[in-house]
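Residue numbers for the sequence shown follow the numbering used here, beginning at 1 and rising by one.
Comments concern the structure below.
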Amino acid sequence: MATTSNKSLSAGFSYLFASLPKIEKWFHLAVVVWVIGQLLSSFAMHVHGDTPASALTFIDKFHMYSGIALAPVALVFCGVILKRRSVSNMYPWLSLDFSVIKDDLQTLLKLQLPEARPKGLAATVEGLGLLALLLAIATGVTWYVFFSLDGSAPLLLSIHKTAVGAIEAYLYGHGIFALLHLVDWMRK
Numbered sequence: 001m002a003t004t005s006n007k008s009l010s011a012g013f014s015y016l017f018a019s020l021p022k023i024e025k026w027f028h029l030a031v032v033v034w035v036i037g038q039l040l041s042s043f044a045m046h047v048h049g050d051t052p053a054s055a056l057t058f059i060d061k062f063h064m065y066s067g068i069a070l071a072p073v074a075l076v077f078c079g080v081i082l083k084r085r086s087v088s089n090m091y092p093w094l095s096l097d098f099s100v101i102k103d104d105l106q107t108l109l110k111l112q113l114p115e116a117r118p119k120g121l122a123a124t125v126e127g128l129g130l131l132a133l134l135l136a137i138a139t140g141v142t143w144y145v146f147f148s149l150d151g152s153a154p155l156l157l158s159i160h161k162t163a164v165g166a167i168e169a170y171l172y173g174h175g176i177f178a179l180l181h182l183v184d185w186m187r188k
């Protein structure tokens, strides 16, 4: 019995990632696991605007260096995605093109999940997730640079903690919609 459910779960994940190139699947997995690790380590941190470098714990340093190491991986991940999809497909609001998003929202109002498509809700949310990821990393790295030079950067730390809220919200929303798609797939 366990083998059947494992096969179903495996088939479900294959369904979720069916349209992605293999390299993008691996980057997606790596970035998701890395971001979850960053969020979990941040829960154990006690760094404030006035925390001296001498008071940093192993977890604090792990979080900082891991975040810095995530930066090039995230940039390559974004590059891989943007190579496959255009900026206009992921950020249709830049050209004020809301037609596909409007259609997708109407589909959601009917309690149905819209199909992922260019300029649609899923593509737009993915684009916003990439921006949230880059913002969290950029603010974290910027804080680290100023903290390393001056020993204090409370405003930058506050900005980073706020920016992390966006990637955290995206991660929860992304996970919920993945589960909804799995449930929808299982019903079909």
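For each residue, glycine too, the CB sits at the ideal point set by N, CA and C.
Contacts around Asp60, its chain only, beta-carbon distance under 6 angstroms, and the 5 residues preceding and following it disregarded: Closer than 6 angstroms at Cβ, skipping near neighbours: Met45, Val47.
Pair within 9 angstroms by beta-carbon distance, Asp189 and Lys83: In the structure as shown, the chain starts at 1 and stops at 188, and residue 189 therefore has no counterpart that could be examined.
Three-state class that DSSP yields for Glu24 in the structure shown: In this structure, Glu24 counts as helix in the three-state DSSP scheme.
Buried versus exposed, by CB contacts within 10 Å (16 or more), Met90: Counting Cβ neighbours within 10 Å, Met90 comes out buried, since at least 16 surround it.
Check whether Leu133 and Cys78 have beta carbons under 9 angstroms apart: Judged by their CB atoms, Leu133 and Cys78 are nearer to each other than the 9 angstroms cut-off.
C-beta atoms of Leu131 and Val35 nearer than 9 angstroms: Taking 9 angstroms as the Cβ cut-off, Leu131 and Val35 do not qualify as a contacting pair.
Given Ile167 as reference, the closest of Leu109, Leu105, Ala53, Leu135 once Cα atoms are compared: Comparing alpha-carbon positions, the option among Leu109, Leu105, Ala53, Leu135 lying closest to Ile167 turns out to be Leu135.
Every unbroken alpha helix (DSSP H) inside the segment 64-106 [4 residues or more]: Listed in chain order, the complete alpha helix (DSSP H) runs (minimum 4 residues) inside the segment 64-106 are 87-90.
Continuous beta strand (DSSP E) assignments of at least 3 residues falling wholly in the segment 100-174: Fully contained in the segment 100-174 is no beta strand (DSSP E) run of length 3 or more.
Exposure label - Trp93; buried when at least 16 CB within 10 Å: Its Cβ having fewer than 16 others within 10 Å, Trp93 is exposed.
Ser66 to Asp104 span [Cα, whole Å]: Rounded to whole angstroms, Ser66 to Asp104 spans 37 angstroms at the Cα level.
Classification of Ile101 by the beta-carbon crowding that lies within 10 angstroms, buried from 16 upward: A residue is called buried once 16 or more other Cβ atoms fall within 10 Å of its Cβ, and Ile101 is buried on that count.
Within 9 angstroms, strictly: CB atoms of Pro114 and Thr124: No, they are not a contact pair.
Inter-residue CB distance, Ala178 and Ile137 (contact presumed, cutoff 8 angstroms): About 22 angstroms; that fails the 8 angstroms criterion.
Own chain, CB closer than 8 angstroms to Trp143, minus 5 neighbours either side, in chain order: For Trp143, where only same-chain residues beyond five positions count, the Cβ hits under 8 angstroms are Ala153, Leu156, Leu157, Ile159, His160.
Environment of Val164 [buried if 16+ CB atoms lie within 10 Å]: Buried, since its Cβ has 16 or more Cβ neighbours within 10 Å.
Backbone CA spacing between Leu111 and Lys25 [nearest angstrom]: So the two alpha carbons sit approximately 28 angstroms from each other.
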